[in-house]
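Reading through the structure tokens given below for one structure.
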Amino acid sequence: MEQIELVLLETEEKMKDVISSFKKELTNIRTGRANPALLDRVNVKYYGVDTPLKQISAISVVEGTQLYIKPFDKSILKDVEHAINASDLGISPQNDGEGVRLVLPALNEERRRELTKTVEKEAENAKVGIRNVRRDGNDEVKKLELPEDVEKSTLEDVQELTNKHTDLIDSMAKDKIKEIMTI
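Under the working numbering, the first residue of the sequence shown carries the number 867, and numbering increases by one thereafter.
Here is the structure:
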């Protein structure tokens, strides 16, 4: 019975990892409000090393629609500006000599629909991840060579975990879509 609990715990942990990965993907999808997490993927050449922007600067939200990036070392302002231009953000940085300002444009209807499709795609990818974890969990249960009734019960437990986590993904996606579509 200890083995069964171990398999269920492992399966649940892997599903939680899929959820946290999905959550991270959602934070990178722009909603019209400024969020420092938008810059998580931006790296700046700092002394010849690609360094995450958030490690070499202070990032703050101004007026809800702007991000202000103030590097700890002012000599890299141009590098920060270049890194943002090179990223896939599609936002033009404004250098004021002290820091870099990013003004997030308002989302139009077409862009909101595109973002909604992106959220739905990411949700589907996360569900596929959950189903892969379920398959692996089911395989582990079958390897244990349990009595038929115990195996069936354990497989049902794995399915319950799967349902719980896919429902969570649906809920998170629905909330994100609502956030995107709110003007």
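Glycine is no exception: its CB is placed at the ideal position from the N, C-alpha and C atoms.
Computed from a prediction, not measured in an experiment: that's the story for all the values here.
Sequence-distant residues of its chain with Cβ nearer than 6 Å to residue i (five each side left out)
i    : result
A992 : V884, F888 and I1035
Bounding residues of the alpha helix (DSSP H) (the contiguous stretch that carries residue i)
i     : result
S1050 : In the structure displayed, the chain extends from 867 to 1049; residue 1050 sits before or after that span and is not available.
T1032 : E1014 to M1047
R997  : E975 to K1009
N951  : L943 to A952
Within 8 Å, strictly: CB atoms of residue i and residue j
i    : j     : result
G965 : K936  : yes
L933 : L919  : no
I922 : P902  : no
L892 : M1038 : yes
A900 : V927  : yes
L970 : T931  : yes
D945 : K911  : yes
A949 : V908  : yes
P959 : E947  : yes
Unbroken beta strand (DSSP E) run spanning residue i, endpoints
i     : result
N909  : N909 to Y912
A924  : S923 to V928
I935  : Q932 to P937
T917  : V915 to P918
V959  : First, the residue type needs correcting, since residue 959 is Pro and not Val in the sequence shown. P959 -> beta strand (DSSP E) spans P959 to N961.
L1103 : What the structure shows of the chain is the stretch from 867 to 1049, and residue 1103 is not part of that stretch, so it cannot be assessed.
R967  : V966 to V969
Environment of residue i [buried if 16+ CB atoms lie within 10 Å]
i     : result
G827  : Residue 827 lies beyond the stretch modelled for the chain, which goes from 867 to 1049, so this question has no answer here.
L968  : buried
K1042 : buried
E1061 : Residue numbering for the chain in the displayed model covers 867 to 1049; residue 1061 lies beyond these limits and cannot be assessed.
G995  : buried
A972  : exposed
L943  : buried
Other residues of its chain near residue i: CB distance less than 8 Å, five sequence neighbours each side excluded
i     : result
L1027 : L874, T877, E878, M881, R1000 and G1003
V915  : none
Cβ-Cβ separation, residue j to residue i (assumed contact under 8 Å), whole Å
i     : j     : result
T1020 : I870  : 5 Å
T897  : E1045 : 5 Å
Residues of its chain near residue i, where Cβ-Cβ distance is below 7 Å and the 5 sequence neighbours each way are ignored
i    : result
T917 : N909 and V910
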